[in-house]
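>
Dropping the structure here:
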């Protein structure tokens with residue numbers, strides 16, 4: 047089963063994408079299809095050594111910029127790496143699509159080209175957050191900024207399947223991101239979603255406040271894409287700032303430098319747990335196909351781990367299990 051990769055997606059494409067794909071085929075024994083401007087892909091591949099039969103190139107002449115509107119991409123750039131790459135998933139032998147490119151374009155193209163799973167109205171992007179209990183899976187972090195209560199219930203059902211099959215949580219708890227624990231808190235969306243989740247999702251444990259996201263109080267957290275994306279960006283900025291602040295303070299004191307050397311292994315493990323490049327791409331759930339969205343600033347390591355994440359979803363039959371879950375609740 048081949049994993050399709052958008053070679054032109056991201057701030058450092060195609061260099062980082064090609065380099066990450068090469069690392070993935072060597073480390074994870076996968077076959078990758080790179081979609082994009084073939085001449086540029088071939089030029090980058092010449093810099094690497096890899097099994098020649100493990101990487102396929104599919105030409106796509108149009109390039110989607112990070113600031114392109116999704117409507118423009120769908121109407122004027124139909125031969126982009128995103129559109130052509132999504133189309134490959136409808137053919138036999140292609141299992142997943144990975145892109146570090148324009149998120150809006152990926153969501154629009156996947157919805158238009160692949161369609162939705164029966165029982166799901168809007169797609170949601172899921173993201174693994176580090177927590178005191180290893181991880182918390184949050185959905186949606188940016189696909190649907192105009193969510194309805196029933197969308198959040200659908201996200202909960204899909205998050206539950208993902209946590210069980212990929213993240214090894216047999217009975218994952220589900221919380222609703224809100225401004226307070228009481229069910230009367232929040233906007234109309236959160237209030238109605240709370241009632242719906244309480245009625246139809248047995249694993250729902252109630253509202254989760256933002257300061258509890260990293261405690262691991264809930265295995266899965268649902269929210270609309272606007273709130274989720276802000277939460278994600280605040281978390282990313284916080285991690286980067288704390289790392290720089292810690293390094294700056296350590297360098298001021300020779301004793302602190304010595305202590306940091308003694309704690310090098312522990313600090314390295316902590317850094318690894320909050321490094322987005324370790325976790326790979328975020329799954330776009332609800333689409334009738336496996337679509338993963340990676341960070342726009344993805345390094346080769348991030349691309350490599352995004353391909354690994356795609357391989358895991360294929361092996362765990364995530365798409366099939368989500369379809370089964372949604373069919374049961376139709």
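Residue numbers (my numbering): 47 to 376. Just so it is clear, CB atoms sit at the ideal spot from N, CA and C, and this is done for glycine as well. Just so we're clear, the structure is a prediction, and the values are computed from it rather than from any experiment.
1. Short check: CB of residue 184 to CB of residue 201, under 7 Å?
2. Per DSSP, residue 105 is paired with what?
3. Thinking C-beta only, is residue 350 closer than 7 Å to residue 89?
4. Is residue 355 closer than 7 Å to residue 335 when the C-beta atoms are compared?
5. When burial is assigned at 16 or more other CB atoms within 10 Å of the CB, is residue 107 buried or exposed?
6. Which first and last residues belong to the beta strand (DSSP E) in which residue 182 is found?
7. Output the distance between the C-alpha atoms of residue 223 and residue 99, rounded to the nearest integer angstrom.
8. Which residue comes first and which comes last in the beta strand (DSSP E) that contains residue 250?
9. For residue 316, name the three-state secondary structure that DSSP assigns.
10. Contact between the region 252-263 and the region 206-217 is defined here as three or more beta-carbon pairs at a separation below 8 Å; is this criterion met?
11. Can you find the residues in the same chain that come closer than 7 Å, C-beta to C-beta, to residue 126, ignoring five residues on each side of it along the sequence?
12. By how many angstroms is the C-alpha of residue 114 removed from the C-alpha of residue 155?
13. By the three-class DSSP mapping on this structure, what secondary structure does residue 52 have?
14. Check for me: the beta strand (DSSP E) holding residue 225 runs from which residue to which?
15. Give the DSSP-derived three-state secondary structure of residue 159 in the structure shown.
16. Which residues in the same chain have their Cβ closer than 8 Å to the Cβ of residue 242, if we skip the five residues on either side of it in sequence?
17. Quick check for students: name the residue ranges of the alpha helix (DSSP H) that lie wholly in the region 112-144, counting only runs of 4 or more.
18. Would you list the residues sitting across from residue 176 in a DSSP beta bridge?
19. Using the C-alpha atoms, what's the distance from residue 150 back to residue 160?
20. Determine whether the beta carbon atoms of residue 162 and residue 274 lie at a separation below 7 Å.
21. Where does the unbroken beta strand (DSSP E) through residue 337 begin, and where does it stop?
22. What does residue 152 pair with, by DSSP beta-bridge criteria?
On the basis of the coordinates in this document:
1. no
2. 82
3. no
4. no
5. exposed
6. 180-185
7. 46 Å
8. 250-254
9. In this prediction, residue 316 has a pLDDT of 46, which is less than 50 and means its spatial position is unreliable; what the coordinates show is noted afterwards. In the structure shown, residue 316 sits in a helix (DSSP, three-state: H, G or I).
10. no
11. 106, 108, 109, 110 and 119
12. 13 Å
13. strand
14. Neither: residue 225 is in no beta strand (DSSP E) and is coded neither H nor E.
15. helix
16. 195, 196, 198 and 199
17. 116-122 and 127-134
18. 181
19. 15 Å
20. no
21. 336-339
22. DSSP, once it has assigned bridges, lists no residue as partnering residue 152.
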